[in-house]
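>
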Amino acid sequence: MAEKTGILGYDYVEFYVGSAKMWAYWHARAMGMNIVGYLGPETGVKDRVSYYLEKNNFRLLITAAVKPSAFEITSFVTKHGDGVKRWSLKVKDVKTTFEAALKNGAIPERNPKRFEDENGYVEEAAIKLYDDAEIVFVNRDNYKGIFKPGFGKPIQKFEITAEETGLQAVDHIVGNVRVNEMNLWANYINTSLNFETFIDFGPGDISTKYSALLSKVVRSKEGASVKNPINEPYEGVKKSQIEEFIQEYLGSGIQHIAVATNDIIKTIAAMRKNGVEFLSVPDTYYDLLKERGFEVTEDIDELKKYGILCDTEGKGYLLQLFTKPIGDRPTFFYEIIQRRKGAQGFGQGNFQALFESIERDQALRGNLDRDEE
Ligand code: FE2
């Protein structure tokens, strides 16, 4: 019997990047986030800078090295490019969760630690995830300052005008792993965190004419809405998008974060105005959607206008759309998602149209055909 872990939900996600100021600016301008906190030389930390951003319950930390001595950051960025270093789970009690996770088989990364100043304290611990990624356990209930001790207000006044995106919170976080790693990491998360496998796509379930993948979704059993799909490449005629990710990221890592909204039409309209580029599907996608006659509250022509995808599931449905990779490497991207009438899935019905769209971009990068042996 696995130990209960007291996980309450997602907290923040931290990126390691080449320039935190540029990434913070992009998230403020494109995603409509607020730059709330800052840590760096001006606040007494000499070798790195971090910006803390929020939009409702969607929280990001964006960190870059400013000295080569911040080796953990420089080596990550040199190898993987800009990417997600860690995602965090809010827990009732950090020490209890960490000890339970270790008892269940988790690999420790950092022991529980209390960060304290005149505004109170924050507790954190971390366990290992694939390659250089980590899962953090955090509790910030006893802290009244900005984010965490060490942070102050941003030094630079970012006077950024952006359309209101209405982004709400992380819905799910997805990892791409090497061949034969999916079961290993799904089992690791399930046993360590008392999660369960919720969806399992085997050979042939997700494939286009050219490429294929395997996917497992693990989720928390303790009532919290934490869901983590894990993808692995599967043999196909050409190189799958998962293979491309692993090749370009130089290993396993976080592929995308899905951010929830309560009004996806408004969110996508705002993000498009803010300059975000999304994957596109052919117009015939919407003809098929109309033909199916599934009842959706939204006007299908409006969904078509903004390129929003719709997948049905029992009585529920979900609306979603994926950005193109946001950095220089074709690795990390965002998904925007709105769940309707209790839909729990991940847009399986959209995979075909989407993967064909991704393959068109892969071909442009010269990453669809396999290298000559
Ligand atoms: Fe997703």
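Quick note on numbering: the sequence shown equals residues 13 to 385 in our numbering.
C-beta: ideal position from N, C-alpha, C; glycine also.
Keep in mind that this is a model prediction, so the values were computed, not measured.
1) Where does Gln253 land, buried or exposed, given buried means 16+ other C-beta within 10 angstroms?
2) Quick one: Cα of Leu380 to Cα of Asp183, how far?
3) Does the segment 207-222 touch the segment 171-181, meaning 3 or more C-beta pairs lie closer than 8 Å?
4) Got a sec, what are the start and stop residues for the alpha helix (DSSP H) Phe367 sits in?
5) Give every residue of the same chain whose Cβ lies closer than 8 Å to the Cβ of Tyr261, excluding the five residues on either side of it in the sequence, and list them in chain order.
6) Got a sec: does the ligand FE2 put a non-hydrogen atom nearer than 6 Å to the Cβ of Ala270?
7) On a CA-only basis, which of Pro120, Gly361, Thr177 is nearest Leu205? Give me that one, please.
8) Pull the bridge partners of Leu65 from the DSSP assignment, please.
9) Just to confirm, is the Cβ distance from Asn154 to Gly132 under 7 Å?
10) Can you name, in chain order, every residue of its own chain whose Cβ lies under 6 Å from the Cβ of Glu387, other than the five neighbours on each side?
11) Could you please give me the residues that DSSP links to Leu150 through a beta bridge?
12) So, for Asn9: in the same chain, excluding its five sequence neighbours on each side, which residues have a beta-carbon less than 7 Å away from its beta-carbon?
13) Kindly confirm or deny that the segment 17-30 and the segment 73-81 touch, where touching means at least three C-beta pairs closer than 8 Å.
14) CB-CB under 6 Å to Lys336, same chain, minus the five flanking residues each way: which ones, in chain order?
15) Look up Leu331 in the DSSP assignment and say whether it is helix, strand or coil.
16) Given a cut-off of 7 Å on the beta-carbon distance, is the pair Asn362 and Leu330 in contact?
17) Answer yes or no: the CB of Ala358 versus the heavy atoms of the ligand FE2, is any distance below 6 Å?
18) Which same chain residues end up closer than 7 Å to Leu114 when comparing Cβ atoms and leaving out the 5 residues on each side of it in sequence?
19) Can you find a C-beta in chain E that's less than 7 Å from the C-beta of Gly354?
20) I want to check one thing, is the minimum distance from the CB of Val25 to the heavy atoms of the ligand FE2 below 6 Å?
21) If we call anything under 7 Å between Cβ atoms a contact, is Ile258 one with Ala198?
22) Just curious, the alpha helix (DSSP H) that Glu314 is in, first and last residue?
23) Is it true that the CB of Tyr63 sits closer than 7 Å to the CB of Ile47?
24) Between which residues of its own chain and Ile276 is the CB-CB distance below 7 Å, once the five residues before and five after are set aside?
25) Return the CA-CA distance between Tyr246 and Val25, expressed in angstroms with no decimal places.
26) Quick one: any contact between the segment 308-315 and the segment 362-377, if contact means 3 or more CB pairs under 8 Å?
27) For Ile185, which three-state DSSP category applies?
28) What would DSSP say about Pro53, mapped onto helix, strand or coil?
29) At what residues does the beta strand (DSSP E) containing Asn195 begin and finish?
30) On the DSSP letters alone, give me the boundaries of the beta strand (DSSP E) that Glu401 sits inside.
31) So is Asp295 buried or exposed if we call it buried at 16+ other beta carbons inside 10 Å?
32) Which class does Leu301 belong to by DSSP, given the choice of helix, strand or coil?
33) Are the Cβ atoms of Glu472 and Met194 separated by less than 7 Å?
34) Lys102 to Val238, Cα distance in whole Å?
35) Tell me the DSSP secondary structure of Thr296 in three-state form.
36) Look up Ala82 in the DSSP assignment and say whether it is helix, strand or coil.
Answer, in terms of the structure:
1) Residue numbering aside, residue 253 sits at position 241 when the sequence shown is read from its first letter. Gln253 comes out buried.
2) Stepping through the sequence shown from its first residue, residue 380 is reached at position 368. Stepping through the sequence shown from its first residue, residue 183 is reached at position 171. When rounded, the distance between both Cα atoms is 30 Å.
3) no
4) For this step, residue 367 is matched to residue 355 along the sequence shown. That run of the alpha helix (DSSP H) goes 363-376.
5) Here residue 261 refers to the residue found at position 249 when the sequence shown is read from its first residue. The answer, listed in chain order, is His92, Gly93, Gly95, Asn188, Arg341, Thr343.
6) Here the question's residue 270 lines up with position 258 in the sequence shown. Flag set: Cβ of Ala270 near the ligand FE2.
7) Your numbering for residue 205 matches position 193 in the sequence shown. Nearest of Pro120, Gly361, Thr177 to Leu205, Cα basis: Pro120.
8) Taking the sequence shown and counting its residues from 1, the one referred to as residue 65 is at position 53. According to DSSP, Leu65 bridges with Ile47, Leu72.
9) Here residue 154 is taken as the residue at index 142 of the sequence shown, counted from 1. Here residue 132 is taken as the residue at index 120 of the sequence shown, counted from 1. In this structure, Gly132 lies closer than 7 Å to Asn154 by Cβ.
10) Any question about residue 387 goes unanswered here, given that the chain covers just 13 to 385.
11) Indexing the sequence shown from 1 puts residue 150 at position 138. Before going on, a small fix: residue 150 reads as Val here, not Leu. DSSP, once it has assigned bridges, lists Lys102, Glu136 as partnering Val150.
12) Only positions 13 to 385 of the chain appear in this structure, which leaves residue 9 out of reach.
13) yes
14) Within the sequence shown, residue 336 is the residue found at index 324, counting from 1. So the qualifying residues of the chain are Glu289.
15) Locating residue 331 in the sequence shown gives position 319, where the first residue counts as 1. Three-state result, Leu331: strand.
16) Here residue 362 is taken as the residue at index 350 of the sequence shown, counted from 1. Here residue 330 is taken as the residue at index 318 of the sequence shown, counted from 1. Result no, Cβ atoms of Asn362 and Leu330 do not sit closer than 7 Å.
17) Position 346 of the sequence shown, counting from 1, holds the residue named residue 358. The question names Ala, but residue 358 is Phe in the sequence shown. Phe358: yes, Cβ under 6 Å from the ligand FE2.
18) Stepping through the sequence shown from its first residue, residue 114 is reached at position 102. Contacts found: Pro120.
19) This model lacks chain E altogether, as it is built from one protein chain only.
20) Position 13 of the sequence shown, counted from the first residue, corresponds to residue 25. Checking the Cβ of Val25 against the ligand FE2 gives no.
21) In the sequence shown, counting from the first residue as 1, residue 258 sits at position 246. In the sequence shown, counting from the first residue as 1, residue 198 sits at position 186. No, they are not a contact pair.
22) Mapped onto the sequence shown, residue 314 falls at position 302. Unbroken alpha helix (DSSP H) run through Glu314: 312-318.
23) Taking the sequence shown and counting its residues from 1, the one referred to as residue 47 is at position 35. Taking the sequence shown and counting its residues from 1, the one referred to as residue 63 is at position 51. Yes.
24) Walking along the sequence shown from the start, residue 276 turns up at place 264. Excluding positions up to five away in sequence, the list reads Ile320, Leu331, Ile348, Gln350.
25) Against the sequence shown, residue 246 aligns to sequence position 234. Against the sequence shown, residue 25 aligns to sequence position 13. In a straight line, the C-alpha of Tyr246 is about 28 Å away from that of Val25.
26) no
27) Locating residue 185 in the sequence shown gives position 173, counting from the first residue. In this structure, Ile185 counts as strand in the three-state DSSP scheme.
28) If you number the sequence shown from 1, residue 53 lands on position 41. Pro53 falls in the helix class under three-state DSSP.
29) Here residue 195 is taken as the residue at index 183 of the sequence shown, counted from 1. No beta strand (DSSP E) contains Asn195, which is instead part of the alpha helix (DSSP H) from 194-205.
30) With the chain covering 13 to 385 only, the question about residue 401 has no answer from this structure.
31) The sequence position of residue 295 within the sequence shown is 283, counting from 1. Exposed: under 16 other Cβ atoms inside 10 Å.
32) Working through the sequence shown from its first residue, we reach residue 301 at position 289. Residue state, collapsed to three classes: helix.
33) The chain is shown from 13 up to 385; residue 472 falls before or after that span and cannot be answered.
34) For this step, residue 102 is matched to residue 90 along the sequence shown. For this step, residue 238 is matched to residue 226 along the sequence shown. For Lys102 and Val238, the distance between alpha carbons rounds to 10 Å.
35) For the purposes of this step, residue 296 is taken as residue 284 along the sequence shown, with counting starting at 1. Reduced to three states, the DSSP call for Thr296 is helix.
36) Translated into positions along the sequence shown, residue 82 becomes position 70. In the structure shown, Ala82 sits in coil (DSSP, three-state: anything other than H, G, I, E or B).
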